[in-house]
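Numbering (my numbering), first residue to last: 8 to 114.
Just so you know, even glycine gets a beta-carbon here, dropped at the ideal spot from N, CA and C.
A short write-up of the structure that comes next.
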């Protein structure tokens, strides 16, 4: 059975195509975005979801905390995600994809 990537008017294929065209992004950025896609709530792509740095680093194969924070900072700066950090040891941080349905992309 084929999966439908469209949720509430948001097409993940289009989002990823836009990401692939952004020359500022390195493989580590794309890996981090894909990890976020994996852990987000698929039924609500524009809303905040929880995930931990440890899970995102493991999934994206980022080994360095400095690289993780650099990639995350870039994704925020470039307009791909919002981020609300959690310094609590058992509560995950909050992330949200910034979805611009009018222009067909972000950035």
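Original post:
How is the alpha helix (DSSP H) around residue 36 delimited, first residue to last?
Top reply: For residue 36, the enclosing alpha helix (DSSP H) stretches over residues 34-46.
Original post:
So what's residue 29 in DSSP terms, helix, strand or just coil?
Top reply: coil
**OP:** Less than 8 Å between the CB atoms is what I'm expecting for residue 41 and residue 67, so what's the real figure, rounded?
**Re:** 7 Å
Subject >> Alpha-carbon to alpha-carbon, residue 84 and residue 99 >> reply: 21 Å
**OP:** Just tell me which of 87, 36, 101 and 58 has its CA closest to the CA of residue 22.
**Re:** The residue with the shortest Cα to Cα distance from residue 22 is 87.
Original post:
Per DSSP, what kind of secondary structure is residue 90 in: helix, strand or coil?
Top reply: strand
Subject >> First through last residue of the alpha helix (DSSP H) which encompasses residue 65 >> reply: In the DSSP annotation of this structure, the continuous segment of the alpha helix (DSSP H) that includes residue 65 starts and ends at 60-67.
Original post:
Whose C-alpha, out of 90, 51 and 69, is nearest the C-alpha of residue 39?
Top reply: 69
Original post:
Between residue 101 and residue 65, is the Cβ-Cβ spacing less than 8 Å?
Top reply: no
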